[in-house]
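J.: One structure, as structure tokens, below. Some questions next.
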Amino acid sequence: MSDSKQITLECSNCGHSESMRTFGGACAKCGEVIVEARYDLLGLDPAAWMTAVRSRKAQLWRYHEVLPLYDTANIVSMGEGGSPLIKSQALAASLGLKNLYIKDERQGPTGSFKDRQATVAISALKEMGVNEMVVASTGNVAIAYAAYCARAGIKLWAFFPALTPSDKMRETAIYGAEVIKTTGTYDQTKQLAAQFAAARGIFLDRGIKSVAAIEAMKTMAYEIGEQLSRELGGDLPMRAPDWFLQSVSGGMGPIGVGKGFREMKSLGLVDKLPAFGLIQSTGCAPMVEAFERKQRVATPIENPDSVIVTLATGSPGRAYELLYDYVQDNGGHFISATDEEAFQAIRTLARSDGISVEPAAGVTFAGLFKLVRQGIIKPDDVVVVNCSGHTLPVEKTILGEQWQKQVDLSAARSTPAVPQDDLATVIDIMGGQRVRRVAVIEDNVEAARLMHRILSTRDDTEIRLAHNGEAGLQLIRAWKPDMVITDLMMPDVDGFEVIRQMKADPMLLEVPIVVVTAKELSAFERKELEMSTSLLLQKGAFLDDEFVEKVTSWL
Ligand SMILES: *Cc1c(COP(=O)(O)O)cnc(C)c1O
Ligand SMILES: [Zn+2]
Numbered sequence: 089m090s091d092s093k094q095i096t097l098e099c100s101n102c103g104h105s106e107s108m109r110t111f112g113g114a115c116a117k118c119g120e121v122i123v124e125a126r127y128d129l130l131g132l133d134p135a136a137w138m139t140a141v142r143s144r145k146a147q148l149w150r151y152h153e154v155l156p157l158y159d160t161a162n163i164v165s166m167g168e169g170g171s172p173l174i175k176s177q178a179l180a181a182s183l184g185l186k187n188l189y190i191k192d193e194r195q196g197p198t199g200s201f202k203d204r205q206a207t208v209a210i211s212a213l214k215e216m217g218v219n220e221m222v223v224a225s226t227g228n229v230a231i232a233y234a235a236y237c238a239r240a241g242i243k244l245w246a247f248f249p250a251l252t253p254s255d256k257m258r259e260t261a262i263y264g265a266e267v268i269k270t271t272g273t274y275d276q277t278k279q280l281a282a283q284f285a286a287a288r289g290i291f292l293d294r295g296i297k298s299v300a301a302i303e304a305m306k307t308m309a310y311e312i313g314e315q316l317s318r319e320l321g322g323d324l325p326m327r328a329p330d331w332f333l334q335s336v337s338g339g340m341g342p343i344g345v346g347k348g349f350r351e352m353k354s355l356g357l358v359d360k361l362p363a364f365g366l367i368q369s370t371g372c373a374p375m376v377e378a379f380e381r382k383q384r385v386a387t388p389i390e391n392p393d394s395v396i397v398t399l400a401t402g403s404p405g406r407a408y409e410l411l412y413d414y415v416q417d418n419g420g421h422f423i424s425a426t427d428e429e430a431f432q433a434i435r436t437l438a439r440s441d442g443i444s445v446e447p448a449a450g451v452t453f454a455g456l457f458k459l460v461r462q463g464i465i466k467p468d469d470v471v472v473v474n475c476s477g478h479t480l481p482v483e484k485t486i487l488g489e490q491w492q493k494q495v496d497l498s499a500a501r502s503t504p505a506v507p508q509d510d511l512a513t514v515i516d517i518m519g520g521q522r523v524r525r526v527a528v529i530e531d532n533v534e535a536a537r538l539m540h541r542i543l544s545t546r547d548d549t550e551i552r553l554a555h556n557g558e559a560g561l562q563l564i565r566a567w568k569p570d571m572v573i574t575d576l577m578m579p580d581v582d583g584f585e586v587i588r589q590m591k592a593d594p595m596l597l598e599v600p601i602v603v604v605t606a607k608e609l610s611a612f613e614r615k616e617l618e619m620s621t622s623l624l625l626q627k628g629a630f631l632d633d634e635f636v637e638k639v640t641s642w643l
């Protein structure tokens with residue numbers, strides 16, 4: 089198989105095609121980045137192939153003949169794919185639907201359907217000999233890529249927009265990826281990541297991004313086809329639902345699923361393609377707005393206004409055109425749901441069917457409710473919902489604070505609050521001015537040693553340590569550092585006092601101060617610090633040695 093396999097990539101815009109082996113990341117003729125993989129399936133007998141497929145494990149790579157990898161020896165897998173298709177009982181009944189199925193993508197190795205994309209992308213990149221890469225993500229792609237990159241020995245730099253939940257960034261960091269949070273939107277973050285990749289000559293995901301994503305997501309179609317035919321029977325080896333529903337951001341999921349059903353139809357495995365129910369957050373719904381205006385080109389949303397950052401692609405570009413065309417040809421609807429409706433839907437689904445999902449998947453179910461209520465989805469329709477991701481600690485937001493009673497047994501808690509750092513500030517401070525002397529005031533010896541190690545990677549920087557506030561002030565007055573990094577909680581003279589005294593001394597007034605603290609700050613303290621310091625870093629949230637190490641070494 090491996091030697092003879094032919095994979096060509098066909099431009100979705102101009103139709104130009106070339107071998108995947110020579111592909112340079114965009115169509116050589118017109119520059120379009122969304123290209124579709126074509127396989128030489130001439131030798132493939134569909135019936136025999138189905139028999140072979142059924143004898144393999146219920147995992148994504150059981151369809152390897154139609155996936156963009158030359159040699160199966162390069163597969164990087166954790167058993168992803170093959171997710172259950174769960175028949176809804178209570179929820180279906182309350183909606184009056186006879187055949188509502190939930191494709192449970194929460195059950196992937198990192199808890200979202202991005203695991204499919206990760207196994208295909210990372211396997212293909214490994215096959216190409218890539219050993220370092222950059223990705224921009226609102227969370228799930230980065231988490232999945234980080235896990236698969238760890239297995240493949242590929243170094244990953246993950247860029248996140250400002251609103252990404254810190255739990256998702258921390259999860260990415262666990263796998264050893266470099267985590268970089270920007271102060272911008274998702275679209276701006278993508279640009280920054282591209283610049284960073286270009287500046288350092290690193291491979292950006294973009295090159296085969298669309299190929300890997302589309303091919304990976306189409307395996308959902310193959311699986312649904314097999315699963316529905318087992319559920320509902322039929323004359324053909326596979327069966328297509330009447331509807332496939334998903335919340336959309338970049339749109340790769342439904343584009344892939346659409347391609348899957350088209351392939352299956354051309355192989356004679358199904359007799360039709362499903363209609364699509366595509367749902368976006370009201371605060372970031374460029375596709376829905378264009379669809380309602382009957383336009384094939386979406387107007388970008390500059391500033392997405394939704395807390396559901398997973399769905400924050402404001403500028404869907406060509407992906408929308410492809411989905412628009414699909415809906416014209418095969419039926420379907422674009423619809424939006426508010427954050428409120430999504431959170432409400434999460435509760436309803438969890439309580440009725442025992443399935444707890446993340447907000448982006450909540451948007452899908454909120455959309456389902458609307459499409460049913462509006463009579464667009466009919467009671468007899470066979471509906472498959474992509475249950476795309478698992479609840480992370482976002483239950484906090486969903487349930488509010490009233491769901492439990494808390495008994496606090498510790499006098500001094502040090503739960504990190506919202507991270508206050510931002511990379512741009514770090515860069516401005518540390519790279520903008522040339523910082524040569526840094527005084528670190530930190531009573532915790534471990535933490536002091538860590539910061540010393542982090543900062544001494546900069547060879548133009550001299551670091552001196554003081555282990556309490558008083559010694560710190562003496563050091564500052566005698567040595568005149570270019571920057572002071574101080575802890576807040578120290579016995580006797582604490583960090584607040586150090587800052588107060590520095591601000592009272594005309595000689596020290598202008599010296600930038602970075603506060604690193606594990607203290608949970610009151611609004612008042614926060615305000616005071618914001619006025620007097622250049623940067624506030626919350627320990628535990630972001631003072632992870634690798635993270636800061638890499639930030640400083642990057643500068
Ligand atoms: C990525 C993602 C989406 C949106 O998927 P696209 O097909 O890229 O638009 C929806 N839900 C979850 C959980 C996701 O991770
Ligand atoms: Zn082209």
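Just so we're aligned: 546 in our numbering is position 458 of the sequence shown, and the numbers increase by one with no gaps anywhere. Cβ coordinates follow ideal geometry from the N, Cα and C atoms, glycine included.
1) With distances taken from each beta carbon to the nearest heavy atom of ligand 2, which residues come in below 6 Å, in chain order?
2) Does DSSP classify M108 as helix, strand or coil?
3) Given V581, which residues of its chain have a CB within under 6 Å of its CB, disregarding the five upstream and five downstream residues?
4) In chain order, what residues of the same chain lie with their CB nearer than 8 Å to the CB of V223, ignoring the 5 residues before and after it?
5) Let's see if you can read the secondary structure: which residues bound the alpha helix (DSSP H) around Y233?
6) Between the alpha carbons of F332 and W137, how many angstroms are there, rounded?
7) Please indicate yes or no: does the CB of P342 lie closer than 7 Å to some heavy atom of ligand 1?
8) Between P594, L355, E380, which lies nearest to G131 when the distance is taken from Cα to Cα?
9) Going by beta-carbon coordinates alone, are I423 and I367 separated by less than 8 Å?
10) Between the alpha carbons of G289 and V121, how many angstroms are there, rounded?
11) Mind checking whether the beta-carbon of A309 lies closer than 7 Å to any heavy atom of ligand 1?
12) In or out: K347 buried (at least 16 other Cβ within 10 Å) or exposed?
13) Considering only DSSP beta bridges, list what I367 is partnered with.
14) Among all the DSSP beta bridges, which residues are the ones paired with G175?
15) Return yes when at least one heavy atom of ligand 1 lies under 7 Å from the C-beta of Q195, else no.
16) What's the C-alpha gap between P172 and D255?
17) Quick one: using the 10 Å Cβ neighbour count with 16 as the cut-off for buried, is C475 buried or exposed?
18) Helix, strand or coil for A246 per DSSP?
19) How should T260 be labelled, buried or exposed, when 16 other C-beta atoms within 10 angstroms of its C-beta is the threshold for buried?
20) Rounded to whole angstroms, what is the Cα-Cα separation between E98 and A116?
21) Looking at the strands, I want to know which residues DSSP matches up with Y127.
22) Within its chain, find whatever has a CB closer than 6 Å to the CB of R126; leave out the 5 residues flanking it on each side and keep chain order.
23) Smallest Cα separation from T110: which of M590, I296, N391?
24) Touch check for the segment 360-380 and the segment 395-411: three-plus C-beta pairs under 8 Å?
25) Looking at ligand 1, does it come within less than 7 Å of A448, judged from the CB to the closest heavy atom?
26) Ligand 1 and G420: does the residue's C-beta get closer than 7 Å to at least one heavy atom of that ligand?
27) Taking Cβ positions, are A386 and L361 nearer each other than 8 Å?
28) Report yes or no: do three or more beta-carbon pairs, one from the segment 335-352 and one from the segment 401-420, lie closer than 8 Å?
29) Within a Cβ cutoff of 6 Å, which residues of the same chain sit near F453, ignoring the five residues on either side of it in sequence?
30) Determine the closest residue to M216 out of A240, I601, Y151, E616, with distance taken between C-alpha atoms.
31) Answer with buried or exposed for S107, where buried requires no fewer than 16 other C-beta atoms within 10 angstroms of its C-beta.
32) Of all the alpha helix (DSSP H) runs that stay within the bounds of the segment 383-461, which reach a length of 4 or more residues?
33) Cβ of V336 versus every heavy atom of ligand 1: is any distance shorter than 7 Å?
34) Where E550 and I573 are concerned, what is the direct C-alpha to C-alpha distance, given to the nearest angstrom?
T.: Well, looking at it:
1) C99, N101, C102, H104, C115, K117, C118, E120
2) helix
3) G557, E558
4) V229, A230, Y233, L244, W245, A246, F247, A281, L292, D293
5) 228-240
6) 25 Å
7) yes
8) L355
9) yes
10) 19 Å
11) no
12) buried
13) S335, I423
14) The displayed chain sequence assigns Lys, not Gly, to residue 175. Answer is Y189.
15) no
16) 26 Å
17) buried
18) strand
19) buried
20) 10 Å
21) I95
22) T96, E98
23) I296
24) yes
25) yes
26) no
27) no
28) yes
29) A433, L437
30) A240
31) exposed
32) 406-418, 427-441, 447-461
33) yes
34) 13 Å
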